[in-house]
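Protein chains in written order, with my numbering: chain L, 1 to 108; chain G, 1001 to 1223. Beta carbons are placed, not taken as given, at the ideal position from N, Cα and C, and that holds for glycine. Read the structure below first, then the notes.
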Amino acid sequence: MNCSEFQRVLPEIIESGGNQEQEAHLANCTVCSDLVRDLRYIAEVAKLLVPMEDPDPRVWDGIEKTLEREGLIKRKHMTRSAGRMTARIVMMVASMAVLQCLQQVLRA
Amino acid sequence: MAAKTTTEKVTASIVVRTAKAKLAPQKKTAAPGLTEAEAIQRAQAGDAQCFEILYGLHKRRVYSLCLRMTGNTAEAEDLTQEAFLQLYRKIATFRGESAFSTWLHRLAVNVVLMHLRKKGLPEVSLEETMEPQQEDGPRKDIGSRDNVLAGSIDRVNLERAIESLPPGYRIIFVLHDVEGYEHNEIAEMMGCSIGNSKSQLHKARMKLRDLLKITRAEKAMRR
Ligand SMILES: [Zn+2]
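Following this line, the structure appears as structure tokens:
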């Protein structure tokens, strides 16, 4: 087996290993063993690549807008205004209670 | 003897896929007092805040995948957005047979592939790369011992080299070597044969080897 023949079958055998003849060529040929070592090294470094970058905040803004438009989530300003409404009701109830207390005190 | 068999033999060490660990289910904490599983359940019930929590947990990985596969920031942002939108539209159908991250990731890969298919890029470059090229011949030119790459690549160099790969090579390389997909999975996603996936990956690694050697030579010249 020569280098050409070995390298032609390399894509098929690089992960599963070769037959006796292919392994013998590899053991005795520095050109092919260097090549195999490099390819294996590249694959190993690639495995160590981790996600490094976060997307720009505008990506979430776009998602949120589309979700709102499609009705999958409620509009933020709706929930905000609902919150404001709740706060107003609480204030009104509280002030009415205070007024009632004052009236009772005045009557007494 | 043992050292010789581990370094010289073309064997399974390349198959040990630590990249798969990136896909392994993890017990994540989504927010104080909320696990990822709970966030998924609440998102399935339409809890908007949990959508955002899930986005926060997975945005980096999905975006990195899109960026590495396309090599373009604007496209990667659009595709990240599209992947998460599809996720939220389909989240009610997630039954937990596979890990959530695996499910989301596969969805993101499909979004990117669909986009690239629409652009017509991979087909062109797959054909291009199928043509016999000079690299099909034996690599006698780079046979000297001090020429091996071992130990000389850093993350930045490799990221740059991947970026400059032709799209067809880049997609297969990212899916297999970076993301840890198997050839049968890639063949299914790309609609090609397993043999084609293997030969594309091989050519991608060969191209990267050349690119990395050029980078190293340029660095040496500058010194
Ligand atoms: Zn050889």
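Nearest to residue i by alpha carbon, out of the options?
i: residue 1211 of chain G; options: G/1152, G/1092, G/1048 and G/1090; result: G/1152
i: residue 69 of chain L; options: G/1070, G/1080, G/1085 and G/1076; result: G/1085
i: residue 1197 of chain G; options: G/1101, G/1076, G/1206 and G/1184; result: G/1184
i: residue 1154 of chain G; options: L/45, L/8 and L/62; result: L/45
i: residue 1100 of chain G; options: G/1044, G/1148 and G/1075; result: G/1044
i: residue 1218 of chain G; options: G/1175, G/1076 and G/1157; result: G/1157
i: residue 36 of chain L; options: G/1161, G/1092, G/1222 and G/1148; result: G/1148
i: residue 1114 of chain G; options: G/1161, G/1215, G/1033 and G/1070; result: G/1070
i: residue 1209 of chain G; options: G/1182, G/1050, G/1104 and G/1162; result: G/1162
i: residue 1051 of chain G; options: L/24, L/64 and L/31; result: L/64
i: residue 1046 of chain G; options: G/1223, G/1091 and G/1060; result: G/1091
i: residue 1055 of chain G; options: G/1034, G/1112 and G/1087; result: G/1087
i: residue 1111 of chain G; options: G/1189, G/1222 and G/1220; result: G/1189
i: residue 71 of chain L; options: G/1094, G/1089, G/1060 and G/1064; result: G/1089
i: residue 1150 of chain G; options: L/34, L/18, L/29 and L/107; result: L/34
From residue i to residue j, what distance separates their C-alpha atoms?
i: residue 1097 of chain G; j: residue 1203 of chain G; result: 35 Å
i: residue 1041 of chain G; j: residue 1173 of chain G; result: 34 Å
i: residue 1165 of chain G; j: residue 1177 of chain G; result: 14 Å
i: residue 73 of chain L; j: residue 1048 of chain G; result: 5 Å
i: residue 1168 of chain G; j: residue 39 of chain L; result: 18 Å
i: residue 1106 of chain G; j: residue 1116 of chain G; result: 15 Å
i: residue 1074 of chain G; j: residue 1062 of chain G; result: 14 Å
i: residue 124 of chain L; j: residue 88 of chain L; result: Lying outside 1 to 108, the shown extent of chain L, residue 124 of chain L is not represented and no answer is given.
i: residue 1072 of chain G; j: residue 1119 of chain G; result: 13 Å
i: residue 104 of chain L; j: residue 98 of chain L; result: 10 Å
i: residue 3 of chain L; j: residue 1205 of chain G; result: 18 Å
i: residue 1108 of chain G; j: residue 96 of chain L; result: 56 Å
i: residue 1227 of chain G; j: residue 27 of chain L; result: Because chain G here runs from 1001 to 1223, residue 1227 of chain G falls outside it and cannot be looked at.
i: residue 10 of chain L; j: residue 1182 of chain G; result: 17 Å
i: residue 1081 of chain G; j: residue 62 of chain L; result: 7 Å
i: residue 1142 of chain G; j: residue 56 of chain L; result: For residue 1142 of chain G, the predicted structure reports a pLDDT of 43, less than 50, and the residue's modelled location is therefore unreliable. A value from the coordinates is still provided. So the alpha carbons of these two residues sit roughly 42 Å apart.
i: residue 1175 of chain G; j: residue 47 of chain L; result: 11 Å
i: residue 1094 of chain G; j: residue 1083 of chain G; result: 15 Å
If you drop the 5 nearest sequence neighbours on each side, which residues of the same chain put their C-beta closer than 8 Å to that of residue i?
i: residue 1191 of chain G; result: none
i: residue 1207 of chain G; result: 1135, 1165, 1166 and 1169
i: residue 1187 of chain G; result: 1193, 1194, 1196 and 1197
i: residue 1067 of chain G; result: 1073 and 1076
i: residue 100 of chain L; result: none
Could you pull out every residue in the same chain whose Cβ sits closer than 6 Å to the Cβ of residue i, ignoring the five residues on either side in sequence?
i: residue 1078 of chain G; result: none
i: residue 1200 of chain G; result: 1172
i: residue 25 of chain L; result: 1 and 6
i: residue 67 of chain L; result: 73
Within the same chain, show all residues whose beta-carbon is closer than 7 Å to that of residue i, passing over the 5 residues directly before and after it, in chain order.
i: residue 1020 of chain G; result: Its pLDDT being 46, under 50, residue 1020 of chain G is placed unreliably by the model, and the measurement read from it follows with that caveat. So the list reads 1180, once near-sequence residues are dropped.
i: residue 21 of chain L; result: 1
i: residue 13 of chain L; result: 22
i: residue 1216 of chain G; result: 1152
For residue i, which beta-bridge partners are listed by DSSP?
i: residue 26 of chain L; result: Paired residues: none, contrary to the question.
> Name the residues in the segment 1082-1106 of chain G whose C-beta lies less than 8 Å from a C-beta of chain L; which are they?
Replying inline: 1084, 1085, 1088 and 1089
> If contact means a Cβ-Cβ distance below 8 Å, which residues of the segment 1168-1192 of chain G contact chain L?
Replying inline: 1173, 1177, 1178 and 1180
> According to a CB-to-CB cut-off of less than 9 Å, which residues of the segment 48-60 of chain L neighbour chain G?
Replying inline: 48, 49, 50, 51, 52, 53, 54, 55, 56, 58, 59 and 60
>> Give me the subset of the segment 21-45 of chain L whose CB atoms are less than 7 Å from a CB atom of chain G, sorted by chain position.
In response: 23, 26, 27, 30, 31, 33, 34, 35, 36, 37, 38, 39, 40, 41, 42, 43 and 45
> Listed in chain order, which residues of the segment 1050-1070 of chain G have Cβ atoms closer than 9 Å to some Cβ of chain L?
Replying inline: 1051, 1052, 1055, 1056, 1059, 1060, 1061, 1062, 1063, 1064, 1065, 1066, 1067 and 1068
> Between the segment 1030-1044 of chain G and chain L, which residues of the former have a C-beta closer than 9 Å to a C-beta of the latter?
Replying inline: none
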